[in-house]
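Sequential numbering from 1 applies to the sequence shown in this note's numbering. Written below as structure tokens is the structure these notes are about.
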Amino acid sequence: MSSLQIQHTISGAREVIRQWLASGESVVLVPTMGNLHAGHMSLVNRARSLADRVVVSIFVNPLQFGPNEDFEAYPRTPEQDQELLEGADVDLLFEPSVEEMYPDGKEGTAVVEVPGISDVLCGAHRNGHFVGVVTVVTKLFNIIQPTVAVFGEKDFQQLFIIRRMVEDLNSPVQVVSVPTRREDDGLAMSSRNRYLSPEQRSVAPGLYATLQQVAQQVQSDDDSLEDIEDWGKRQLEELGFVPDYLSIRERHGLSTPSPSDLDLVVLVAARLGSVRLIDNLVIDRV
Ligand code: PAF
């Protein structure tokens, strides 16, 4: 029988967690926006091995969506999510309302910002997005008080920024990352994939295929990284994507690589119709 508890209020969640901590149990948090798929469940499975109690939060965070983005349309599937978590040995589902998390509205809340890195790549195309992400993650850390939190590597820049926040603010939470889960054809699993039409779905694996070709060119060609990035963007356009960016970065600082940097990552965001997909691939320059 499932032992999943569900709390919608901060005080309710805190009471459950207070009892666990009082009896010496450790807590791991998996923050999500719901519409759970196999990618999320691999985070949950990893979480199981990291602490005594597993907490999953489901909160579609309005603060990280811009005015013209898909906050209203973001898929919400609470019954299906609950069933999945019941079958996955999760101890607590924390599922607050917007009013519970932002009682003074999203304009009235204090925010947490990691400067600089939040304004490039996805941040350059989604104004204020990472302030929203880092603010809600900080709030969730304060509410749940986990020793560990688990995030997916598909959101490479998000993961990087959260690690920076943890370091800069001396947060005691350990951040653990889990590799991207992919469909058989290479498409990274994402809640937004469900919005792809059948035709767009058949094109979508081209995003990862392009990253693989970019990685191969970095490893085998003499072309400059700028030329390879330009090739990648053109390739995406030919496939039918509208790229926001395709950028090769040094992967530990997300800076523009110098010739001596060997640990790279290529990051991409591109649209198919109104669906925005992101992905990334680590490249070891040889
Ligand atoms: O990656 C996500 O689903 C969200 O950005 C997160 C980390 C749950 C914050 O809302």
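Backbone N, C-alpha and C fix where the C-beta goes; we use that ideal spot for every residue, glycine too. In this text the structure is predicted, and so the values were computed from the model without any measurement.
* Within 8 Å: the Cβ of Val133 and any heavy atom of the ligand PAF? -> Walking along the sequence shown from the start, residue 133 turns up at place 133. Yes, the ligand PAF has a heavy atom inside 8 Å of this Cβ.
* Asked: Around the C-beta of Thr138, are 16 or more other C-beta atoms found within 10 angstroms, so that it is buried, or is it exposed?
  -> What you label residue 138 is simply residue 138 of the sequence shown in a count that begins at 1. The residue in question, Thr138, is buried, as its Cβ has 16 or more Cβ neighbours within 10 Å.
* Asked: Hey, is Pro96 close to the ligand PAF, as in C-beta under 8 Å from one of its heavy atoms?
  -> Residue 96 sits at position 96 when you count from the first residue of the sequence shown. Result no, Cβ not under 8 Å from the ligand PAF.
* Cβ-Cβ separation, Tyr245 to Ala215 (assumed contact under 8 Å), whole Å -> Start at 1 with the first residue of the sequence shown, and residue 215 comes out as number 215. Start at 1 with the first residue of the sequence shown, and residue 245 comes out as number 245. For a cut-off of 8 Å, the C-beta gap from Ala215 to Tyr245 is around 17 Å, too long to register as a contact.
* Proximity below 9 Å, CB of Val112 to CB of Met165 -> In the sequence shown, counting from the first residue as 1, residue 112 sits at position 112. In the sequence shown, counting from the first residue as 1, residue 165 sits at position 165. Yes.
* Completely contained beta strand (DSSP E) runs for the segment 98-165, where each covers 3 or more residues -> The beta strand (DSSP E) runs lying completely inside the segment 98-165 and spanning 3 residues or more are 148-152, given in chain order.
* Going by DSSP, what residues sit across from Leu169 in a beta bridge? -> The residue labelled residue 169 in the question sits at position 169 within the sequence shown. DSSP output for Leu169 lists no bridge partner at all.
* Determine the DSSP secondary structure at Thr32, reduced to helix, strand or coil. => Counting from one through the sequence shown, the residue named residue 32 turns up at place 32. Strand at Thr32.
* Neighbourhood of Ala249 by C-beta distance below 6 Å, restricted to the same chain and skipping five residues each side -> Counting from one through the sequence shown, the residue named residue 249 turns up at place 249. Here residue 249 turns out to be Arg, not Ala, going by the sequence shown. Around Arg249, the same chain offers Val265 as residues with beta carbons nearer than 6 Å, after the five sequence neighbours per side are excluded.
* To do: Considering only heavy atoms of the ligand PAF, list every residue whose Cβ is less than 6 Å from one of them, following chain order.
  => Checking every Cβ against the heavy atoms of the ligand PAF under 6 Å gives Pro31, Thr32, Met33, Asn61, Gln64, Val133, Val136, Val137, Asp155, Gln158.
* Residue range of the alpha helix (DSSP H) that Arg201 falls in? -> Numbered from 1 along the sequence shown, position 201 holds the residue referred to as residue 201. 198-203 is the span of the alpha helix (DSSP H), which, as asked, contains Arg201.
* To do: Go ahead and pull the three-state DSSP assignment for Arg48.
  => To locate residue 48, count along the sequence shown from 1; it is residue 48. Note: Arg48 maps to helix in three-state DSSP.
* Asked: Where does the unbroken beta strand (DSSP E) through Tyr245 begin, and where does it stop?
  -> Mapped onto the sequence shown, residue 245 falls at position 245. Its beta strand (DSSP E) spans residues 242-250.
* Of the residues Pro146, Val131, Ser57, Leu84, which one's Cα is nearest the Cα of Lys106? -> Counting from one through the sequence shown, the residue named residue 106 turns up at place 106. Of the candidates Pro146, Val131, Ser57, Leu84, the one whose C-alpha sits nearest the C-alpha of Lys106 is Val131.
* **At least 3 beta-carbon pairs within less than 8 Å: the segment 270-280 vs the segment 149-160** => Output reads yes: the segment 149-160 touches the segment 270-280.
* Does the separation of the CB atoms of Gly34 and Phe59 fall below 9 Å? -> Counted from its first residue, the sequence shown places residue 34 at position 34. Counted from its first residue, the sequence shown places residue 59 at position 59. A contact, by the Cβ cut-off of 9 Å.
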